[in-house]
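Taken in order, these protein sequences are the chains called A and B.
Start counting the first sequence at 10; every next residue gets the next number (the working numbering).
Start counting the second sequence at 30; every next residue gets the next number (the working numbering).
Note that beta-carbon positions come from the ideal geometry of N, C-alpha and C, so glycine has one too.
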Amino acid sequence: GAGVSQSPSNKVTEKGKDVELRCDPISGHTALYWYRQSLGQGLEFLIYFQGNSAPDKSGLPSDRFSAERTGGSVSTLTIQRTQQEDSAVYLCASSLVGGTGYNEQFFGPGTRLTVL
Amino acid sequence: QQQVKQSPQSLIVQKGGISIINCAYENTAFDYFPWYQQFPGKGPALLIAIRPDVSEKKEGRFTISFNKSAKQFSLHIMDSQPGDSATYFCAAKGSGGSQGNLIFGKGTKLSVKP
Numbered sequence: 010g011a012g013v014s015q016s017p018s019n020k021v022t023e024k025g026k027d028v029e030l031r032c033d034p035i036s037g038h039t040a041l042y043w044y045r046q047s048l049g050q051g052l053e054f055l056i057y058f059q060g061n062s063a064p065d066k067s068g069l070p071s072d073r074f075s076a077e078r079t080g081g082s083v084s085t086l087t088i089q090r091t092q093q094e095d096s097a098v099y100l101c102a103s104s105l106v107g108g109t110g111y112n113e114q115f116f117g118p119g120t121r122l123t124v125l
Numbered sequence: 030q031q032q033v034k035q036s037p038q039s040l041i042v043q044k045g046g047i048s049i050i051n052c053a054y055e056n057t058a059f060d061y062f063p064w065y066q067q068f069p070g071k072g073p074a075l076l077i078a079i080r081p082d083v084s085e086k087k088e089g090r091f092t093i094s095f096n097k098s099a100k101q102f103s104l105h106i107m108d109s110q111p112g113d114s115a116t117y118f119c120a121a122k123g124s125g126g127s128q129g130n131l132i133f134g135k136g137t138k139l140s141v142k143p
């Protein structure tokens, strides 16, 4: 079956512009995660959606970052007024369930964001 | 505050050798420890995972060793192959509250020379 898909695969934008990154999770997966991977760094947690519960936004680095998940499926990560330090690969993952379970997180290929 | 520390940052091993990557954690509430493998241009993929009720888990050439008292765990790749060349991330996840996300180490870039 289809895995996690993300679009666009690459995005180049100018400093100060807004960008939207899209994630299509695996069908039936109730949990969705966004991570950020900067060069030479590990994956940094950004936000987590579980079903219809309020999202866990504890990893968002500033109020310029926000995310939505519509209909319990597709998610959009929005970065407003982009800065050069926002340049990174943004990874989306989904799992069958989240929370305290041990369900595997399946990652998409990521969106490489470059802010000029 | 880095809750999962991974070493080394990079590793070069000859084909057929053993690759060893180490991780240490601080939070005793962590109770799930996966290792992810990432190839260039791809997202990470789960390689093997362990829970702290066992000290070792083996899947093919990949073994996790877990030391709960030392709060350390390691990945051993036996008979390393050039196709194993990738970046490896250890991670940890807690059991309490609503935390669903993984806490990742900074990664180890493994190169296996033919």
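Bounding residues of the beta strand (DSSP E) (the contiguous stretch that carries residue i)
i: Ile56(A); result: 52-59
i: Asp60(B); result: 59-67
i: Asp127(A); result: Missing from the structure shown is residue 127(A); chain A here goes from 10 to 125 and no further.
i: Asn96(B); result: 91-96
i: Glu85(B); result: 85-88
i: Gly123(B); result: 115-123
i: Arg121(A); result: 120-124
i: Asn19(A); result: 19-22
i: Leu162(B); result: Since the first residue shown for chain B is 30 and the last is 143, residue 162(B) is missing from the structure and cannot be characterised.
i: Ser103(B); result: 101-106
i: Ile79(B); result: 74-79
Classification of residue i by the beta-carbon crowding that lies within 10 angstroms, buried from 16 upward
i: Gln43(B); result: exposed
i: Asn96(B); result: exposed
i: Gln46(A); result: buried
i: Asp27(A); result: exposed
i: Gly126(B); result: With a pLDDT of only 46 at Gly126(B), under 50, the local geometry of the prediction cannot be trusted, and no value is derived from it.
i: Val124(A); result: buried
i: Ala11(A); result: exposed
i: Lys122(B); result: buried
i: Pro17(A); result: exposed
i: Arg80(B); result: exposed
i: Ser84(A); result: buried
i: Asn130(B); result: buried
i: Phe133(B); result: buried
i: Asp155(A); result: Chain A is shown from 10 up to 125; residue 155(A) falls before or after that span and cannot be answered.
i: Gly45(B); result: exposed
Residues that residue i bridges to, as DSSP identifies them
i: Glu77(A); result: Thr85(A)
i: Ser104(A); result: Ala40(A)
i: Ala63(A); result: Per DSSP, none; premise fails for Ala63(A).
i: Ser45(A); result: Strictly speaking, residue 45(A) in this sequence is Arg, with Ser absent from that position. DSSP output for Arg45(A) lists Glu53(A), Tyr99(A) as bridge partner(s).
i: Tyr54(B); result: Val33(B)
i: Lys138(B); result: Ser39(B), Thr116(B)
i: Gln15(A); result: Cys32(A)
Whole-angstrom C-beta distance between residue j and residue i, which should lie under 8 Å
i: Phe74(A); j: Ala74(B); result: Not really, about 26 Å apart at Cβ, beyond 8 Å.
i: Phe54(A); j: Ala40(A); result: Going by Cβ atoms, the distance from Phe54(A) to Ala40(A) rounds to 13 Å, so no, they are not a contact pair.
i: Leu30(A); j: Tyr99(A); result: 5 Å
i: Gly81(A); j: Gly60(A); result: 7 Å
i: Gly25(A); j: Arg90(A); result: 6 Å
Item to check | Members of the segment 46-57 of chain A that neighbour chain B once the beta carbon cut-off is set at 7 Å | outcome: Gln50, Gly51, Leu52, Phe54, Tyr57
Checklist entry - If contact means a Cβ-Cβ distance below 8 Å, which residues of the segment 63-81 of chain A contact chain B? => result Asp65, Gly68
Checklist entry - Using Cβ-Cβ distances below 8 Å, what residues of the segment 74-96 of chain B are close to chain A? => result Ala74, Leu75, Ala78, Arg80
Next on the checklist: Residues of the segment 45-77 of chain B in Cβ contact with chain A at a cutoff of 9 Å, in chain order, please.
Outcome noted: Asp60, Tyr61, Pro63, Tyr65, Gln67, Gly70, Lys71, Gly72, Pro73, Ala74, Leu75
Next on the checklist: At a CB distance below 7 Å, what residues from the segment 25-46 of chain A approach chain B? Give them in sequence order.
Outcome noted: Ala40, Tyr42
Checklist entry - Taking a cut of 7 Å between CB atoms, which residues from the segment 100-118 of chain B lie near chain D? => result Here the protein chains are A and B, and chain D is not one of them.
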